[in-house]
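Residues in the sequence shown are numbered consecutively from 24, following the numbering used here.
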Amino acid sequence: MIPSKRLLPTFLLLFLVTFLTISCSQQSSHSPQPVSQNQKPDWINKVPAGHYLGQASYALQTVKQAREKALNTAVSLLVAAKAGNTAEVSGDVQNKTTSVIRGGRESLTNSSTINTTVTISGKEIPVQFRIVEFWRDREAGYIYVLIEDLAA
24 MIPSKRLLPT FLLLFLVTFL TISCSQQSSH SPQPVSQNQK PDWINKVPAG HYLGQASYAL
84 QTVKQAREKA LNTAVSLLVA AKAGNTAEVS GDVQNKTTSV IRGGRESLTN SSTINTTVTI
144 SGKEIPVQFR IVEFWRDREA GYIYVLIEDL AA
């Protein structure tokens with residue numbers, strides 16, 4: 024059934040008002056997503072459970088040295104959580120790194136799984152983790168690394 028030509032403008036007006044009402048109410052109910060401070064990844068400010076964060080400045084050392092220091096910091100935190108304060112650590116590392124630069128910031132993704140043995144009072148405790156991500160803050164001069172405890 025086709026509505027009469029006189030009712031067509033009324034239906035169009037009713038449709039337009041309904042559309043605008045629904046559109047405006049949907050827009051006001053959705054708040055914009057907050058942007059992290061300095062565009063840092065969320066894991067820097069809130070470390071996920073079972074993960075450990077390391078950081079180092081590369082102001083007085085090379086970027087490679089800062090990455091190693093950041094990784095050592097994260098591993099030390101992992102070992103301390105498993106073993107307490109005193110432990111001997113030995114292990115092997117196989118690295119594969121992917122680097123992406125966006126807007127002056129470099130994001131490094133590493134798919135390494137690192138096997139480590141911790142010796143505490145003569146007892147060996149295996150520690151296995153993977154590097155989840157490196158993040159380099161070029162403005163502040165810091166390297167951050169997030170590792171995941173695979174034995175958790």
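The C-beta atom is built at its ideal place from N, Cα and C for all residues, glycine as well.
Which of helix, strand or coil DSSP assigns to residue i
i, result
"G77", "strand"
"Q151", "strand"
"V168", "strand"
"E156", "strand"
"E129", "strand"
Inter-residue CB distance, residue i and residue j (contact presumed, cutoff 8 Å)
i, j, result
"A89", "S99", "At roughly 15 Å, the Cβ-Cβ gap does not stay under 8 Å, so A89 and S99 are not in contact."
"S130", "W158", "6 Å"
"G77", "A104", "Rounded, the Cβ-Cβ distance is 13 Å, inconsistent with contact."
"I10", "R153", "This structure cannot speak to residue 10, because the chain is shown only from 24 to 175."
Among the options, the one whose alpha carbon lies nearest that of residue i
i, options, result
"D172", "E162, L101, I124, E156", "L101"
"V168", "E156, K105, V70, Q62", "E156"
"G127", "D160, Q151, A103", "D160"
"L94", "S122, T121, I124, Y75", "Y75"
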